[in-house]
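Peer 1: Numbering (my numbering), first residue to last: 14 to 370.
Ideal placement from N, C-alpha and C gives every residue a C-beta, glycine not left out.
It should be emphasised that the depicted structure is a prediction, and the values quoted were computed from it without experimental measurement.
1) Could you name the residues of the same chain whose beta carbon sits closer than 6 Å to that of residue 26, not counting the 5 residues immediately before and after it, in chain order?
2) Assuming residue 72 and residue 259 make a contact with CB atoms under 8 Å, what is their CB distance in whole Å?
3) Contact between the region 71 to 86 and the region 260 to 275 is defined here as three or more beta-carbon pairs at a separation below 8 Å; is this criterion met?
4) Can the beta-carbon of residue 346 be found less than 8 Å from the beta-carbon of residue 295?
5) On the criterion of 16 or more Cβ atoms from any shown chain inside 10 Å, does residue 77 qualify as buried, or is it exposed?
6) Just to confirm, are residue 173 and residue 108 a CB contact at a threshold of 8 Å?
7) Would you say residue 187 and residue 199 are within 8 Å of each other, going by their C-beta atoms?
8) Residue 92 by DSSP, collapsed to three states: which one?
9) Rounded to whole angstroms, how far is the Cβ of residue 103 from the Cβ of residue 123, which I believe are closer than 8 Å?
10) For residue 218, which option in 184, 47 and 179 has the closest C-alpha, if you only look at C-alpha atoms?
11) Could you pull the start and end residues of the beta strand (DSSP E) that residue 276 belongs to?
12) Would you list the residues sitting across from residue 284 in a DSSP beta bridge?
13) Any Cβ of chain B within less than 8 Å of the Cβ of residue 232?
14) Measure from the alpha carbon of residue 12 to the alpha carbon of each residue in 158, 207, 189 and 195, then state which is nearest.
As C-alpha cells, then:
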C-alpha cells in the first residue's frame, strides 16, 4: 500500500482535531486537585511548587511527605525520586515566568500540550501506514474519548513520557524511510527523546520494541555491524544508569517498587496476583474492555487483531504494550493510570487502523 504524503488537508484536519482536544481538556482547568488519583497528582504538583518556591534543582526534587510510608525510611528532606523531574521543572519554570495562574493550572496545561504531540504523531503514523480516514478517526478518538481526555490533563508524568517516546518513534520512522537528507540528526533526535522518556518513566523502555523493528527493517541482519545502533543504545541507556546510581544515595526518597511486578495492595495486605485469573479479569475485562473501550469498541479491537497488514510496524507497538502489561502485572492492576503508558494510545493505533484496513 502506497504511503500518503502529509498535505495541507492533513494540516487542516489535524488542526481541527487539536482544537477540539484543547477545548475538551480546558473544562474546569482551574479546579482543585481533588479528582481521581488526587494523591498522586498532589505529590507531583508539590515537587513543581517547591521548585517554584526554592529554585529548580533537578538532582534533588522534594515534595511534602516526610514520612516513611513510601520508602520505609524517614524522609526529613522530603526527597522524591520517583521519576526524573523534567515535567515538574517545566511546570515550575512556567509559573516563575508568569505567576498569574495557580501552579496546578500550569501543570494541566503542560500535560495538554504533550497530549497534542501524541495526537499529532498518531495521525502521522496512521496516515503513513494506512489511510487518512484511519488517521483521522484514531487521533479523534484520543482527542474526545472520556478516559483519554481525563488522563491527558492530569498532573502526572505519564503523558510527557509517552510524548517523548512517540517523538522517538516518529524520528526513527522518518529516519527509516530513507527520504530525509538529515538522517543522522533524526537518529540523534530519536535517541535523545527516548532517553528523556525513560528518565521520566522507565517502563516506557518497551517502546524500544518498535524502534528496534525499524532498525531491523532498515538494515536486516546487518544491524549488528552498524555503528548507529550502538550510539543510539549508549545515548538512551547511559543517562538512565547515571541517574539510578545517583539516587541510590537517597534511599529514603525512593518508593518501594518490588510489588509492581507481582503483587497488589489490598485491605488484607499485599497479595500476589502474578498470572492469576484476577489479573486477566482486571486488565482485559475491567480496564481494557469496560473503562478504555467502553465495551462496544472491544469488537473493533478483536476484529482488528486478525486483520492482515502489509507492514508489521503497528503490530510491534501492540507487542510492546502486551509485554509491558505482563511484566508489570501488579502495578497495572493496582493503578489505572499505569495503562496510560501504553494501552490508551495503542488502542487508538490498533482498533481503528486494523478495522479500516
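Peer 2: Once the coordinates are examined:
1) 149
2) 7 Å
3) yes
4) yes
5) exposed
6) no
7) yes
8) strand
9) 6 Å
10) 179
11) 276 to 279
12) 277
13) The chain inventory of the structure shown lacks chain B, comprising one protein chain alone.
14) Shown here, the chain extends from 14 to 370; a query on residue 12 therefore has no answer.
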